[in-house]
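Take a look at the structure below.
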Amino acid sequence: MLNLDKGVLVVNDFSSMIKSGGSFQFIGNVTQNSVRSIFDGTIYLQHNDLNSVLNTLGYQQAVSTKPTAFILSSDLKLTLIDVYLQNLMLKTDNTKVTGNITARFIGSMPHFIATIDFSSIDLNRDDYPIISPMIKFAKSLSENMKDESYLAKYIPIRTADYLGNFDITINDLLIGNNSFGKAYILANVSPGNIGISNLDIRGNSDYINLSASLLASNIKPQLTITINDGFLNINFLTPKSLLNLRNNLLNEFDVEKIELKLNCALSKIIQNDLVLQNVKLALANNNALFKIDNLEANLLSGKLKAEGNILLNPYTLNFVYALNSIDLAQLSNVLPRGLLDNYGGMSINGTLDTHGNSLKELLYELNTQSEFVVKNAKISNFSVDSLIEKINNKDYSLKYLKDDLAKSMYQGQTELNNLRGNLQLKNGIVTMKDLVFNTKYASGAASLAVNIYNLDMVLSSILSFYIADLNPNLNNSSNQNTPINLTIKTSGTILDTIKTSDETELRKALENRRKSTN
Numbered sequence: 001m002l003n004l005d006k007g008v009l010v011v012n013d014f015s016s017m018i019k020s021g022g023s024f025q026f027i028g029n030v031t032q033n034s035v036r037s038i039f040d041g042t043i044y045l046q047h048n049d050l051n052s053v054l055n056t057l058g059y060q061q062a063v064s065t066k067p068t069a070f071i072l073s074s075d076l077k078l079t080l081i082d083v084y085l086q087n088l089m090l091k092t093d094n095t096k097v098t099g100n101i102t103a104r105f106i107g108s109m110p111h112f113i114a115t116i117d118f119s120s121i122d123l124n125r126d127d128y129p130i131i132s133p134m135i136k137f138a139k140s141l142s143e144n145m146k147d148e149s150y151l152a153k154y155i156p157i158r159t160a161d162y163l164g165n166f167d168i169t170i171n172d173l174l175i176g177n178n179s180f181g182k183a184y185i186l187a188n189v190s191p192g193n194i195g196i197s198n199l200d201i202r203g204n205s206d207y208i209n210l211s212a213s214l215l216a217s218n219i220k221p222q223l224t225i226t227i228n229d230g231f232l233n234i235n236f237l238t239p240k241s242l243l244n245l246r247n248n249l250l251n252e253f254d255v256e257k258i259e260l261k262l263n264c265a266l267s268k269i270i271q272n273d274l275v276l277q278n279v280k281l282a283l284a285n286n287n288a289l290f291k292i293d294n295l296e297a298n299l300l301s302g303k304l305k306a307e308g309n310i311l312l313n314p315y316t317l318n319f320v321y322a323l324n325s326i327d328l329a330q331l332s333n334v335l336p337r338g339l340l341d342n343y344g345g346m347s348i349n350g351t352l353d354t355h356g357n358s359l360k361e362l363l364y365e366l367n368t369q370s371e372f373v374v375k376n377a378k379i380s381n382f383s384v385d386s387l388i389e390k391i392n393n394k395d396y397s398l399k400y401l402k403d404d405l406a407k408s409m410y411q412g413q414t415e416l417n418n419l420r421g422n423l424q425l426k427n428g429i430v431t432m433k434d435l436v437f438n439t440k441y442a443s444g445a446a447s448l449a450v451n452i453y454n455l456d457m458v459l460s461s462i463l464s465f466y467i468a469d470l471n472p473n474l475n476n477s478s479n480q481n482t483p484i485n486l487t488i489k490t491s492g493t494i495l496d497t498i499k500t501s502d503e504t505e506l507r508k509a510l511e512n513r514r515k516s517t518n
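Under the UniProt record's numbering, the first residue of the sequence shown is numbered 1, with each subsequent residue one higher.
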């Protein structure tokens, strides 16, 4: 029903049934100014298949695989160059969409602006018109990368004939078996470029906020991802998982056809007992070579800094690193039970490189050259300071020396004030050279070699300390005290050591002290 009242065309009811299955209704007013006519009212549309409507409007690429019945209602303002849908509500059997959409047909291409809210989206389903085809297209960009025609997949992005700004809220995002609750997306589309200025996903204990852009106007598409913040529980920080990731990249993708850039800042990453905080890194590829710059993380109460390169084929890793002021007690908790039981602090820096196509090859070819410092730690099953205290007693009897020395090499513990040295790993052999250390009463030097495959080891060390001649003032280097060098050698395995010592010099000094006091 139409009425004309004072220059205003009043549309009381303009409705009809739709032959393909549905109905529509318009209610509102049509006015005209010196520039254009304006319709201001409401629209109601009901149809048994949203895909059919999209086909009719010319958006065949937006249809899904299954018929989708829907109901749409909205306030509508319409001119020859603008369409405003306010208080939009579109309801299907799998989601409800509310929000505002503006379309402006000015200039060389239309401009769409939308602020929309989805009640839920289940990415395991493929029956969402518009959304499912978009997700399918995005997935296709990572498929069949080895095909010669792969780069043709980016033609729809290069030839996009509209501008778009989208502010999207998803109240319940389902991916696989996981629910991520609310997700927020700010996206921009223009010819040759898709940009996400804000993607915010939270679920259970995980959270990530990122921005991304896909530039398709060049010969090689360029994907740039910036992770602004996040809290992630992961399971891939193991040699096996990282090797599987490399094999997957090599076998399923062709990274020579795309430029990748990643800038990352995460509040926390957790894998079992390993916790990394304030993680930062920059990654970029040049064909199959990935360069990692400015890798930083707080872990084990210390600070990690590193940079290096990863070549996918042949698989090669080269890194320089510094790990400063870590807590050895926390490191003991992260390592397999029984491998390390210690406390104190450690700093280590150096280089690391390896190559190979299997874990066996990567381990054998692993090379490191490092320097390290340990402070306020301990040596277990070794109690040299207790021995020195005992033998400096003026009433000490030499008949106990052999047994006391044997006990000191297998029982108790020794507090290390500091330990420093050089570490090298090559072809499965760990070598520690130029080891120097201090305990409460002794100083020492040592060298160590360990076979990482069977844990066979050889350790040679010399301990230097004083025994008191007349006045047992420990660690006093006056002429009244006698300097002693005690040589200790250790062999066997890490878990079953055999220790021997040369007590000749110590026994002679104790005998001389006994004679001098008689």
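Think of the CB as a built atom: it goes at the ideal place given N, C-alpha and C, for glycine as much as any other residue.
For lysine 440, does the three-state DSSP call read helix, strand or coil? For the purposes of this step, residue 440 is identified with residue 440 of the sequence shown, where counting begins at 1. Here lysine 440 sits in coil by DSSP.
Classify arginine 514: buried if its beta carbon has 16 or more other beta carbons within 10 angstroms, exposed otherwise. On the sequence shown, position 514 is the one that residue 514 refers to. Burial call: exposed.
How would you call proline 483, buried or exposed, if buried means at least 16 neighbouring beta carbons within 10 angstroms? Taking the first residue of the sequence shown as 1, we reach residue 483 at position 483. Burial call: exposed.
Can you tell me whether tyrosine 396 is helix, strand or coil according to DSSP? Here residue 396 refers to the residue found at position 396 when the sequence shown is read from its first residue. Tyrosine 396 carries a coil assignment under DSSP once its states are collapsed to helix, strand and coil.
Contact between the region 345-357 and the region 322-331 (3+ Cβ pairs under 8 angstroms): yes
When you compare only the Cα positions, how much space is there between glutamate 361 and threonine 431? Residue numbering aside, residue 361 sits at position 361 when the sequence shown is read from its first letter. Residue numbering aside, residue 431 sits at position 431 when the sequence shown is read from its first letter. Going from the Cα of glutamate 361 to the Cα of threonine 431 covers about 20 angstroms.
Residues in the same chain with beta-carbon distance under 6 angstroms from aspartate 75, minus the five sequence neighbours each way, listed in chain order, please. Here residue 75 refers to the residue found at position 75 when the sequence shown is read from its first residue. Cβ within range, chain order: Thr42, Gln86, Asn87.
Straight-line gap, serine 149 to threonine 354 (C-alpha atoms, nearest Å): Looking up residue 149 in the sequence shown gives position 149. Looking up residue 354 in the sequence shown gives position 354. So the two alpha carbons sit approximately 35 angstroms from each other.
Hey, quick one: how far does the beta strand (DSSP E) through asparagine 198 stretch, first residue to last? In the sequence shown, the residue the question calls residue 198 occupies position 198. From DSSP, the beta strand (DSSP E) with asparagine 198 extends over 193-203.
Determine the contact status of serine 108 and aspartate 172, defining contact as a CB-CB distance below 7 angstroms. Taking the first residue of the sequence shown as position 1, residue 108 is located at position 108. Taking the first residue of the sequence shown as position 1, residue 172 is located at position 172. For serine 108 and aspartate 172, no; Cβs fall outside 7 angstroms.
Tell me which residue opens and which closes the beta strand (DSSP E) that proline 133 is part of. Residue numbering aside, residue 133 sits at position 133 when the sequence shown is read from its first letter. Membership of proline 133 in any beta strand (DSSP E) is not indicated; the residue belongs instead to the alpha helix (DSSP H) covering 131-140.
Reducing DSSP to helix, strand and coil, say where lysine 182 ends up. Here residue 182 refers to the residue found at position 182 of the sequence shown. Note: lysine 182 maps to coil in three-state DSSP.
Proximal residues to lysine 182 (C-beta, below 6 angstroms), its chain only, five neighbours per side dropped: Working through the sequence shown from its first residue, we reach residue 182 at position 182. Cβ neighbours of lysine 182 beyond the five flanking positions: Asn171.
Using a Cβ distance threshold of 8 angstroms, determine whether the region 366-386 contacts the region 410-421, with at least three qualifying pairs required. yes
Phenylalanine 105: buried (16+ other C-beta within 10 angstroms of its C-beta) or exposed? Start at 1 with the first residue of the sequence shown, and residue 105 comes out as number 105. Exposed, since its Cβ has fewer than 16 Cβ neighbours within 10 Å.
Distance, Cα to Cα, serine 477 vs serine 397? One-based indexing of the sequence shown puts residue 477 at position 477. One-based indexing of the sequence shown puts residue 397 at position 397. Caution is warranted here: a pLDDT of 49 is assigned to serine 477, below 50, making its placement in the model unreliable, and no coordinate value can be reported.
Which class does isoleucine 391 belong to by DSSP, given the choice of helix, strand or coil? The residue you call residue 391 lines up with position 391 of the sequence shown. In this structure, isoleucine 391 counts as helix in the three-state DSSP scheme.
Which listed residue (Gly356, Lys402, Asn438, Lys426) has its alpha carbon closest to that of lysine 378: Sequence index remark: in the sequence shown, residue 378 carries index 378 (1-based). When only C-alpha atoms are compared, the closest one is Asn438.
Could you give the residue range of the beta strand (DSSP E) that holds arginine 104? As a working note, residue 104 is residue 104 in the sequence shown. Counting along the chain, the beta strand (DSSP E) containing arginine 104 begins and ends at 96-104.
Would leucine 50 be called buried (16 or more neighbouring beta carbons within 10 Å of its own) or exposed? Mapped onto the sequence shown, residue 50 falls at position 50. So leucine 50 ends up on the buried side.
Selection from Tyr466, Ser211, Lys489, Ile157 that minimises the alpha carbon distance to asparagine 393: Start at 1 with the first residue of the sequence shown, and residue 393 comes out as number 393. Looking at the Cα atoms, Tyr466 is the closest of the given residues.
Starting from asparagine 481, trace the beta strand (DSSP E) in both directions and tell me its first and last residue. Locating residue 481 in the sequence shown gives position 481, where the first residue counts as 1. Counting along the chain, the beta strand (DSSP E) containing asparagine 481 begins and ends at 481-493.
What whole-angstrom Cβ distance do asparagine 313 and alanine 288 have, given they're in contact under 8 angstroms? Here the question's residue 313 lines up with position 313 in the sequence shown. Here the question's residue 288 lines up with position 288 in the sequence shown. Asparagine 313 to alanine 288, Cβ: 6 angstroms. Contact.
Please classify lysine 220: does DSSP put it in a helix, a strand, or coil? Along the sequence shown, one-based indexing puts residue 220 at 220. The answer is coil: DSSP assigns lysine 220 none of H, G, I, E or B.
Return yes when the Cβ of leucine 262 is within less than 7 angstroms of the Cβ of asparagine 285, no when it is not. Counting from one through the sequence shown, the residue named residue 285 turns up at place 285. Counting from one through the sequence shown, the residue named residue 262 turns up at place 262. Not closer than 7 angstroms, so no.
Is any heavy atom of the ligand PLP found at a distance shorter than 6 angstroms from the C-beta of aspartate 403? Inclusion of the ligand PLP in the displayed structure is not the case, the ligand content being empty and no account of it being possible.
Going by beta-carbon coordinates alone, are aspartate 273 and asparagine 333 separated by less than 7 angstroms? Translated into the one-based positions of the sequence shown, residue 273 becomes position 273. Translated into the one-based positions of the sequence shown, residue 333 becomes position 333. Yes.
Tell me whether serine 477 sits in a helix, a strand or coil according to DSSP, three-state version. As a position in the sequence shown, residue 477 is number 477, starting the count at 1. The predicted model places serine 477 with a pLDDT of 49, which falls under 50 and marks its position as unreliable; any figure quoted below should be read in that light. In the structure shown, serine 477 sits in coil (DSSP, three-state: anything other than H, G, I, E or B).
Residue from Leu425, Gly164, Lys390, Asp395 whose Cα sits closest to the Cα of tyrosine 364: Residue mapping note: residue 364 aligns to position 364 of the sequence shown, counting from 1. Ranking Leu425, Gly164, Lys390, Asp395 by Cα distance to tyrosine 364 puts Leu425 first.
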